[in-house]
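Taken in order, these protein sequences are the chains called A and B.
Here this note's numbering is used: position 42 in the first sequence is 46, and no number is missing along the way.
Here this note's numbering is used: position 3 in the second sequence is 1178, and no number is missing along the way.
Think of the CB as a built atom: it goes at the ideal place given N, C-alpha and C, for glycine as much as any other residue.
Here the structure is laid out as structure tokens; the discussion comes afterwards.
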Amino acid sequence: NAGVTQTPKFQVLKTGQSMTLQCAQDMNHEYMSWYRQDPGMGLRLIHYSVGAGITDQGEVPNGYNVSRSTTEDFPLRLLSAAPSQTSVYFCASSYSPKFQETQYFGPGTRLLVL
Amino acid sequence: GQNIDQPTEMTATEGAIVQINCTYQTSGFNGLFWYQQHAGEAPTFLSYNVLDGLEEKGRFSSFLSRSKGYSYLLLKELQMKDSASYLCAALNSGGYQKVTFGTGTKLQVIP
């Protein structure tokens, strides 16, 4: 199993550009989520999904869109990048939101918006 | 909402024992996670407590008191490779379950 994979690892964008951060897992996990991590702020939940076709907002959803068309994939879209979105983005998955168990994190995407 | 507090930084000596505290104020609390995160890497799971008491896993132990809104992570026989950030996170059962993270405690282990 590859676990949770994320692409790209690094990205530089100009203000106003759009892009999609990819996340995939091969563990047949129902629950997937996106976090951003900023110095002094900890991990903050952006969006999450409890299964294919079901998504919901987290703590900091503005400026981001998600969709979950398959169990495996959970892309995060930045519609019009802003410098405030410079961050490290982590995707995570777990077997089910109904069961209290660990989330597995991807390696992260480091995004710089100029 | 949820509020999670943990110290920003700690320093400890190789071979020693260190305790990292975490306090939380949450609605719909369901349990508490501890994650380890080395610089530039993803968080990795250490422990999960849902009941009061101490859970031991090798050199690492985690404690939870639900009535006090308090948890700690205990690291014994510290090794240099234990230098990392330790993230406390609460599982909220309101609606779909969501995990809220604290800001993390950066532990430096010195010789």
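Under 9 Å Cβ-Cβ, which residues of chain B neighbour residue i?
i       : result
A/Pro12 : None at all; the shortest Cβ gap to chain B is about 15 Å.
In the DSSP assignment, find the beta strand (DSSP E) that holds residue i and state where it starts and stops.
i         : result
A/Asp42   : 35 to 42
B/Glu1230 : 1228 to 1232
A/Phe78   : It is not in any beta strand (DSSP E) - A/Phe78 carries neither H nor E in the DSSP assignment.
A/His51   : 46 to 55
B/Lys1273 : 1273 to 1276
B/Asn1224 : 1219 to 1224
A/Val64   : Note, A/Val64: premise wrong, no beta strand (DSSP E); not H, not E.
A/Leu17   : 14 to 17
B/Ser1236 : 1235 to 1240
From residue i to residue j, what distance separates their C-alpha atoms?
i         : j         : result
B/Glu1252 : B/Lys1232 : 13 Å
A/His51   : B/Leu1221 : 24 Å
A/Leu118  : A/Thr19   : 6 Å
A/Gly7    : A/Ala96   : 10 Å
B/Ser1237 : A/Trp38   : 26 Å
B/Phe1276 : B/Glu1184 : 16 Å
B/Lys1256 : B/Val1284 : 8 Å
A/Ser98   : A/His33   : 5 Å
A/Thr11   : B/Val1274 : 23 Å
A/Leu115  : A/Met31   : 26 Å
B/Ala1187 : B/Gly1279 : 16 Å
B/Leu1239 : B/Gly1203 : 16 Å
A/Thr106  : B/Asn1178 : 20 Å
B/Lys1243 : B/Asn1205 : 14 Å
A/Glu63   : A/Gln26   : 20 Å
For residue i, list the residues DSSP reports as bridge partners.
i         : result
A/Ala96   : A/Ser37, A/Phe109
B/Ile1195 : B/Leu1248
A/Val8    : A/Gln29
B/Ala1187 : B/Val1284
B/Asp1180 : B/Thr1198
B/Gly1149 : This structure leaves residue 1149 of chain B out entirely; chain B is present only between 1176 and 1286.
A/Thr90   : DSSP, once it has assigned bridges, lists no residue as partnering A/Thr90.
B/Gln1211 : B/Thr1219, B/Tyr1261
A/Leu83   : Partner(s): none; A/Leu83 has no beta bridge.
A/Met23   : A/Leu82
A/Leu116  : A/Val16
Who are the neighbours of residue i on chain B, taking C-beta pairs under 7 Å?
i        : result
A/Leu116 : By Cβ distance, chain B contributes nothing, its closest Cβ being about 15 Å from A/Leu116, past 7 Å.
A/Gly112 : Ala1217
A/Gly4   : The requested residue 4 of chain A is not part of the displayed model; chain A covers only 5 to 118.
Name the chain A residues that come within less than 8 Å of residue i, Cβ to Cβ?
i         : result
B/Gly1277 : Gly46
B/Leu1262 : Gly46, Leu47
Going along chain B in order, which residues have a C-beta closer than 8 Å to the C-beta of residue i?
i        : result
A/Thr106 : Phe1208, Phe1220, Tyr1223
A/Phe78  : Under the 8 Å cutoff, chain B gives no residues; its nearest Cβ is about 15 Å from A/Phe78.
A/Gly62  : Lys1273
Original post:
Is it true that the stretch 1239 to 1256 of chain B meets the stretch 1186 to 1197 of chain B, where meeting means three or more beta-carbon pairs spaced less than 8 Å apart?
Top reply: Yes: the two stretches touch, three or more of their Cβ pairs being nearer than 8 Å.
Original post:
Touch check for the stretch 58 to 73 of chain A and the stretch 1181 to 1191 of chain B: three-plus C-beta pairs under 8 Å?
Top reply: Because the criterion of three Cβ pairs below 8 Å is not met, the stretch 58 to 73 of chain A and the stretch 1181 to 1191 of chain B do not touch.
Original post:
Taking three-plus beta-carbon pairs below 8 Å as touching, is the stretch 1260 to 1268 of chain B in contact with the stretch 1196 to 1208 of chain B?
Top reply: Segments in contact, yes.
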